[in-house]
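To keep things clear, I will list the structure first and then write my remarks on it.
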Amino acid sequence: MNEEFKLEIVNPEKLFLSKEDVTEVVVPALEGEMGILKDHISIISFLKPGLIIINSNSGEDKFFIEDGVLEFKNNNLTILTSSIYDLKQTQKSKFQELLKIAEDQSKEITSNDQVKFLNEQKIEILKAIN
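Our numbering numbers the first residue of the sequence shown as 3 and each following residue consecutively.
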């Protein structure tokens, strides 16, 4: 039985990734980690900073995102994000740079709780990556 679905990840520059043989995607939804399998109910959700884990017939891929929106409909998952980094191909120094920026921003944040929460999430996941 075919358990695959299509995934596209798009960032402002280009179509970042397109795969037809995806079996599961775990995303950092605002509500918590969410696993998407074939025939998942249609959904639109906002994403928080975290890891996207993609399982496919060609193996597992992991990406760090800072934000995004996902839509799953008719066995097509689309993720729109302003920034995405492949854990295998991105230099550790880039993640250290992102961590420093996030930590500096946390000292300046005086606005609402949501902004603080998202920045804390970013710091936590970047520390785990480093």
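C-beta atoms are modelled at their ideal positions from N, C-alpha and C, and glycine is treated no differently.
- A residue is called buried once 16 or more other Cβ atoms fall within 10 Å of its Cβ, and residue 124 is buried on that count.
- With three or more CB-CB distances shorter than 8 Å, the stretch 19 to 28 counts as touching the stretch 40 to 60.
- Rounded to whole angstroms, the gap between the alpha carbons of residue 15 and residue 5 is 30 Å.
- Residue state for residue 41 is assigned as coil, using DSSP reduced to three classes.
- Taking residue 12 as the centre and dropping the five residues before and after it, the same chain places the C-beta of 18, 80, 81, 82 and 83 closer than 8 Å to its C-beta, in chain order.
- Looking at 39, 121 and 31, the one whose alpha-carbon comes closest to that of residue 76 is 39.
- In the same chain as residue 101, and ignoring 5 residues on each side of it, the C-beta atoms closer than 7 Å to its own belong to 125, 128, 129 and 132, in chain order.
- Between the alpha carbons of residue 50 and residue 34 lies a gap of roughly 9 Å.
- Residue 117 and residue 91 have their alpha carbons spaced roughly 29 Å apart.
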